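Q: Could you have a look at this structure, given as structure tokens, before my questions?
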Amino acid sequence: MPEKNPDIYAQIWAFFISKLPKDYSLTCAVVITFFVSFLRSFLYDPKDTVKRVFAEACLCSVIVYSADPALQYLGFEKPLIIPVGTVIGLFGTSAVRQAIFKYLKSRRK
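According to the numbering used here, the residues represented by the sequence shown are 132 to 240, in order.
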């Protein structure tokens with residue numbers, strides 16, 4: 132009971148934090164996957180609405196953010212990571228959009 136043990140919530144939080152991996156890469160991947168799937172749900176409209184453009188921009192930035200460690204591992208310098216990551220993000224957003232349209236088209240048949 133929390134009223135008898137007031138620090139129970141701090142103990143529960145410390146337990147969960149102790150079970151997380153120390154490099155946080157898995158946690159980061161889970162959070163990124165959640166937001167990508169959430170933002171991807173806005174991409175169903177083929178017209179260029181403000182909502183779709185904003186969702187694509189957020190999706191592109193998430194792809195760039197997640198590509199940054201891989202590009203650092205491959206030896207890219209920081210000034211080169213930004214444009215290369217942006218290209219990866221733009222192509223990734225386009226690929227995600229085309230995959231969604233292909234999936235929706237196959238579901239209609």
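Heads up, the beta-carbon is just placed ideally off N, CA and C, and yes, glycines get one too. This structure is a prediction, so every number in the text was calculated from the model and none was measured.
Between the C-alpha atoms of Pro214 and Ala198, what's the straight-line distance to the nearest angstrom?
A: Using only the alpha carbons, I get a separation of about 11 Å.
Q: How big is the Cα-Cα spacing for Thr217 and Ser192?
A: Those two C-alpha atoms are separated by around 8 Å.
Q: Take Gly223 and list the residues in its own chain whose beta-carbon comes closer than 6 Å to its own, dropping the five residues that flank it on each side.
A: Counting only Cβ-Cβ distances below 6 Å, and skipping sequence neighbours, we find Ile194.
Q: Tell me whether Gly220 is buried or exposed, calling it buried when 16 or more other Cβ atoms sit within 10 Å of its Cβ.
A: Looking at its Cβ environment, which holds 16 or more other Cβ atoms inside 10 Å, Gly220 is buried.
Q: Enumerate in chain order the residues of its own chain whose CB-to-CB distance from Phe207 is below 7 Å, with the five nearest sequence positions on each side excluded.
A: Closer than 7 Å at the Cβ level, and outside the excluded window around Phe207, lie Val215.
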